[in-house]
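Novice: Residue numbers (full-length UniProt numbering): 1 to 1188.
#1: Please tell me whether residue 289 and residue 223 are closer than 7 Å, where the distance is taken between their beta carbons.
#2: From residue 1127 to residue 1167, what distance separates their C-alpha atoms?
#3: Does the stretch 113-121 touch the stretch 73-87, meaning 3 or more C-beta pairs lie closer than 8 Å?
#4: Distance check for residue 27 and residue 19, CA to CA, integer angstroms please.
#5: Express the C-alpha separation of residue 401 and residue 1005 in angstroms, rounding to a whole number.
#6: Find the nearest neighbour of residue 1100 within the set 1034, 658, 1046 and 1113, judged by alpha-carbon distance.
#7: Of the choices 409, 404, 331 and 398, whose alpha-carbon is the least far from that of residue 385?
#8: Would you mind working out which of 970, 828 and 770 sits nearest residue 708, comparing C-alpha positions?
#9: Using the C-alpha atoms, what's the distance from residue 338 back to residue 174?
#10: My guess is that residue 902 and residue 942 are in contact by the Cβ rule of under 8 Å, so how many angstroms apart are they, rounded?
#11: Determine whether the beta carbon atoms of residue 492 and residue 429 lie at a separation below 7 Å.
#12: Based on Cα-Cα distance, which residue from 458, 35, 1047 and 369 lies nearest to residue 503?
#13: Mark residue 169 as exposed unless 16 or more other C-beta atoms lie within 10 angstroms of its C-beta, in which case mark it buried.
#14: Quick one: using the 10 Å Cβ neighbour count with 16 as the cut-off for buried, is residue 328 buried or exposed?
#15: Quick one: which unbroken alpha helix (DSSP H) runs of 4-plus residues sit fully inside the stretch 423-448? Chain order, please.
#16: Is it the case that the stretch 785-798 contacts the stretch 810-824, given that we only count it when at least three CB pairs across the two stretches are under 8 Å?
#17: Determine, using beta carbons only, whether residue 895 and residue 930 come nearer to each other than 7 Å.
#18: Could you tell me the distance, in whole angstroms, from the CA atom of residue 1031 to the CA atom of residue 912?
#19: Within 10 angstroms of the Cβ of residue 655, are there 16 or more other Cβ atoms? Answer buried if so, exposed if not.
#20: Just to confirm, are residue 755 and residue 809 a CB contact at a threshold of 7 Å?
#21: Using CA atoms only, rank isn't needed, just tell me which of 927, 396, 959 and 352 is closest to residue 918.
#22: Identify, in the order they occur along the chain, each residue of the same chain with its Cβ nearer than 7 Å to the Cβ of residue 60, setting aside the five sequence neighbours on each side.
#23: Hey, is residue 255 close to the ligand HEM, as in C-beta under 6 Å from one of its heavy atoms?
#24: Tell me whether the beta-carbon of residue 801 lies closer than 7 Å to the beta-carbon of residue 758.
#25: Which runs of the beta strand (DSSP E) fall wholly inside the stretch 650-693 and span at least 3 residues, in chain order?
#26: Give every residue of the same chain whose Cβ lies closer than 6 Å to the Cβ of residue 196, excluding the five residues on either side of it in the sequence, and list them in chain order.
#27: Out of 962, 668 and 611, point me to the one whose CA is closest to residue 623's CA.
#28: Could you tell me which residues DSSP pairs with residue 927 in its beta bridges?
#29: Could you name the residues of the same chain whose beta carbon sits closer than 8 Å to that of residue 295, not counting the 5 residues immediately before and after it, in chain order?
#30: For residue 725 and residue 774, which I take to be in contact (beta-carbon distance under 8 Å), what is that distance rounded to the nearest angstrom?
#31: Is residue 843 closer than 7 Å to residue 837 when the C-beta atoms are compared?
#32: Leaving out five residues on either side along the sequence, give the residues of the same chain with a beta carbon under 7 Å from the beta carbon of residue 856.
#33: Between residue 569 and residue 606, is the Cβ-Cβ spacing less than 7 Å?
#34: If I measure Cβ to Cβ from residue 635 and keep anything under 6 Å in the same chain, skipping five residues before and after, which residues do I get?
#35: So, do the stretch 593-607 and the stretch 566-585 have three or more beta carbon pairs nearer to each other than 8 Å?
#36: Ignore the nearest five residues each way along the sequence and tell me which others in residue 891's own chain have a CB closer than 6 Å to its CB.
Listed below in structure tokens is the structure:
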């Protein structure tokens, strides 16, 4: 998995200014209307402009800080508009019509969503700082809920237009409404409640602010206990509004909780509401966790209700003054009646909801703070209270929770609670966390004392809990962040971090452990950042790490491995960042630290293909090669290398092994170590019965890449040394005999993934063949014949496959292996392949291999005369090109493109085959499979053009037909075919001045290749060349009449624009005219009708009808154009047809011809005769015409 290689933040910053300016310019015009110099708030805002601003804002979610330059100005606009709307006489606003409701929405509803998006993108705490905090706005804000019918009309549908969920609609009944949210969009409810919580910071007594509500207050759906009698009226109104939303499943629940928190902790209110709210929460908790029901009689879900109440309770204990919320009696009541009940969870409600458990973690933390003394105060000698110990025990249990967000919350809460404890108590908690790492860990080799320490202390983590390890590693990271671990514990902590950095558990179809490794990077970063060099040097590493290496160096070794080899991009980057912190904080403690950080750069490790090869190679040569061993062993022995589950990762790891082996042999004098590793690969994975086919696939690739890397490095610079190394490798590793113990069934049995085995085996045979050829060329004996035959069997098995991943490898292996054969064996094999290519089974790779080995039969003395076997190959490929199977036909064209044409061979039969492939429109259950042949044929033409440039002015009919078909394909409906064809035309006509005008300024990087409007506006100019006009129009018919929506729109617009600029009839300058295009179009339709090609007829009729409707054909009315011929052709086209699309296109033409004097009568008669057509789509347009 690769991370994004570029620095996206810098790129976003470069492109943000136009977006910010657009938001800043559009927002005032969206909200305000300036008339006669007076600025007035619009009662409704346009949906299109509103959605445009919303889209612009949401594009900054990843980089919200970029919005800061316009934040103050936009907030001023939004808050002033909100306040003006609340203080205006909304009865004067006229109700919107149905048409207006579809294009404009209520301003208050729009303001609610705009402020919500700002809070979502930039954060509620940042946005709240810009909202009005004058107490006079408290009552108008509450009026949003209490006077909704005045602020937003009863029948207003703004929320529906904004895609909001309106839970209830207004009713005309005079009684209390059942809806406790008054039909407000949830965005508006959330924003208003957050604003109310912000206004409750006012220092004035609430008794002096509020009064009776002007409207009828909403009625909560939940049962709310009666408030104490002396509660201020404004507090009653705030609590009532909050209780209406505290059970909501949406974001407005958070707003309600925030409002309750700010209200209850006020000094003038807590005496009335604090105990009342705790009692209410205790009652609801007991009801929820002891009962079996999941909702009350009114449909309120207990889980959301409990979430809101617990969130508010946690906020009260977090933000309230200690003297108010820290009273012992209150804490004991909360612990006994709420927290203990949550422990029991008899109903299972808490166990089923992750958000509830996360909220519990926050509540445990905030309650524990109040039980413990403030930082700096002396704790009692008895240690923390029993209640705190119980909550710590619960948090330790929650570290093994199945949901990540709960583990994050438990880890954070546990660490922060520990910081309030005495050092001894804190150490006990940390030791408990470290001890949990040994749960279910197995040491299968611990009793084998003769093994080396690393193998003897090897851990088996297959039985451990991934969730627990993630939670534990997060906790360790947080403890280290706050320097909570003692120096004596650092060796044990380091061992846990190193084990977590390489944590992986394999399942049947997936692997887990990425979150553990990610947390381990954070822990390594925290350790490096928060502990001094002296502290880290005070301890010695625990086995199996060598005792003579310091703790920082051991950590650096593992971070280098993780940064270069981990399959997940974020973990590689995290390890790189931790390594940079380690080197920076502890100078001169890491070998070649500065150079190492420069090599294992944060950006360099983003791409896995680069990290495993280039970055690993640079790091391997540093520090006296101390990093080389870990890297190559990680690629060989580890799941991060040739044991990866994805084939791409294994091939990348194999290349890394090849590069590191080359460095070890040539630069580090570690030839024997490389041979030992090679033998280890062969003995463990490469030969014999292997249960892990994926690992064998990676192993064979690794062996091949070791050989290829040596050949690439030494073949030209020092061939003598290369032969010496290859010969030594052959003698000491036995790699050339690797297939001796491989069973034939491994290449054919479907359960054993033969495609994987064939791919890797063919790749390895290629490397072994190249190595043997080099040694033979320098006087060493060639491979024995039995071994060559075994290699040939491997290649033959690979050529029997059809999978895409085997194609290139197998064909190249066959081509390279032919170097070892004499002409007699080559001829025998080719004749065998020719026989296989004619069989009924699909031997795709055999066909491609025939093209690849064509060059080996060239006779320079008789050239260009073909040898007999070459002619047989061409004849065989021509036969295959007529196969009923599309894959075989494509393979034959590919063989011509890759093997025959590069030799400069072509003839009439081959060109006819290419031409036939260019018009292959075969369709099966997979769709337009003929497009494969068309694309391959275009590639074949370009291959031929490199040696024999195609003359577009030739008199050769076949060559000219090929060029014309490519012209047509440049305008067809399929994007991939159209672009390939246009690219071919661009290259074929490079030297033609007439075509240079059309493609002037077009480069490979131009937007022309991705912007369909620009594409068709450019290519439609091909119509100015008479010789290819019909060919282009024939292809254009499919894109304008039967392509995708975007292509149809773009092609139609481009054609209409081009034709509108043409004169009706030719001028004296000889340029193209509208009549020429129409006549060519009619000619195409005549040919298509004669050939019964509805693929062209249907869109052609639709396009002609469209030209009538757009008024283009009216230009030809006063000239010599024969409309009667068009009428007759249209009749002929739909004669006895039941094709609705064809009939519909004909109707459009008849409607247009009815306005032409020469065809008016006959066209009207035809339309009248079709009025009773049984298809409504056909008959309806006739009615429309006569109505007009």
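The beta carbon of each residue, even a glycine, is placed where N, CA and C say it ideally should be.
All of these numbers come straight from a predicted model, not from anything done at the bench.
Specialist: Result, derived from the coordinates:
#1: no
#2: 12 Å
#3: yes
#4: 12 Å
#5: Straight-line Cα distance between these residues: approximately 51 Å.
#6: Residue 1034 is the option with its Cα nearest to residue 1100.
#7: 331
#8: 770
#9: A caution first: residue 174 carries a pLDDT of 34, below 50, which makes its placement in the model unreliable, though a value can still be read off. Taking the straight line joining both Cα atoms gives about 40 Å.
#10: Contact flag wrong, Cβ pair sits at about 12 Å.
#11: No, they are not a contact pair.
#12: 458
#13: Per-residue confidence for residue 169 stands at a pLDDT of 32, beneath the threshold of 50, marking its modelled position as unreliable; the derived number appears in the next sentence. Residue environment for residue 169: exposed (fewer than 16 other C-beta atoms within 10 angstroms of its C-beta).
#14: Exposed is the label assigned to residue 328, since fewer than 16 other Cβ atoms lie within 10 Å of its Cβ.
#15: 423-436
#16: yes
#17: no
#18: 17 Å
#19: buried
#20: no
#21: Taking each of 927, 396, 959 and 352 in turn and checking the Cα distance to residue 918, the smallest one comes out for 959.
#22: For residue 60, where only same-chain residues beyond five positions count, the Cβ hits under 7 Å are 66, 67 and 121.
#23: Among the components modelled here there is no ligand, and therefore nothing to report on the ligand HEM.
#24: yes
#25: If one requires a minimum length of 3 residues, no beta strand (DSSP E) run lies completely within the stretch 650-693.
#26: 141 and 259
#27: 668
#28: 924
#29: 301 and 302
#30: Rounded, the Cβ-Cβ distance is 11 Å, inconsistent with contact.
#31: yes
#32: Answer for residue 856: 818 and 826, listed in chain order.
#33: At a Cβ-Cβ threshold of 7 Å, residue 569 and residue 606 count as neighbours.
#34: 641, 653, 656 and 657
#35: yes
#36: 844, 847 and 848
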